[in-house]
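S.K.:
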Amino acid sequence: MGRASRHARWLSSACAIAAAVNVTAAFRAEAAEDVQQQRVEEGRALVTANCARCHATGMDDASPHAKAPPFRLVVERYPSENLAEALAEGIVAGHPDMPVWVMKPEQIEAFLAYLDSLKK
Ligand code: HEC
131 MGRASRHARW
141 LSSACAIAAA
151 VNVTAAFRAE
161 AAEDVQQQRV
171 EEGRALVTAN
181 CARCHATGMD
191 DASPHAKAPP
201 FRLVVERYPS
211 ENLAEALAEG
221 IVAGHPDMPV
231 WVMKPEQIEA
241 FLAYLDSLKK
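Letter by letter, the sequence shown follows residues 131 to 250 in our numbering.
#1: So what's T178 in DSSP terms, helix, strand or just coil?
#2: Closer than 7 angstroms to a non-hydrogen atom of the ligand HEC - does that hold for the CB of L242?
#3: Could you tell me the alpha carbon to alpha carbon distance between K249 and S142, rounded to whole angstroms?
#4: Going by CA-CA distance only, name the one from A162, V232 and M228 that's closest to A196.
#5: How about F284 and V177: do their beta carbons lie closer than 8 angstroms?
#6: Can you grab the Cα-Cα spacing for the pair A218 / T154, in whole Å?
#7: Under three-state DSSP, which class holds A196?
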């Protein structure tokens, strides 16, 4: 076997590895997107069940409770990282008319994913 063909073989296996790495990265990105989408759906279900009787949960609906801000405004007012802490401690739920509801970490994650999905 000549030098050139050995080199060609080396090259093609290097390419195969590079291609495999690329495929894995794309697959990972897709899987992460799926997880994020799933969290958004969980968060949406969460607020529909627990918050929607007072707060607007969509992009242009009005809050059933006149004083409750629509969540699309909440996410503009507070960076979601700050909200996470408040939610874990139940601070946010300390408003008049609002039931005290301390969220579990996985509920917070879902709620914040949902909130982020409301950002324009
Ligand atoms: C019974 C009605 C009611 C329900 C149910 C309710 N809220 Fe509220 N919420 C309010 C009202 C009223 C306010 C505004 C209180 C104020 O500003 O004095 C508010 C304010 C908030 C705020 C903004 C706080 C601020 O300082 O601007 C957040 C965030 C919030 N609620 C989250 C939630 C979440 C999450 C749920 C569901 C788990 C929920 N609320 C369920 C009535 C409710």
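Even for Gly, the Cβ is constructed at its ideal location relative to N, Cα and C.
M.R.: The relevant details are as follows:
#1: helix
#2: no
#3: 45 angstroms
#4: Measuring from the Cα of A196, the nearest candidate turns out to be M228.
#5: This structure cannot speak to residue 284, because the chain is shown only from 131 to 250.
#6: 35 angstroms
#7: Of the three classes helix, strand and coil, the one that applies to A196 here is coil, per DSSP.
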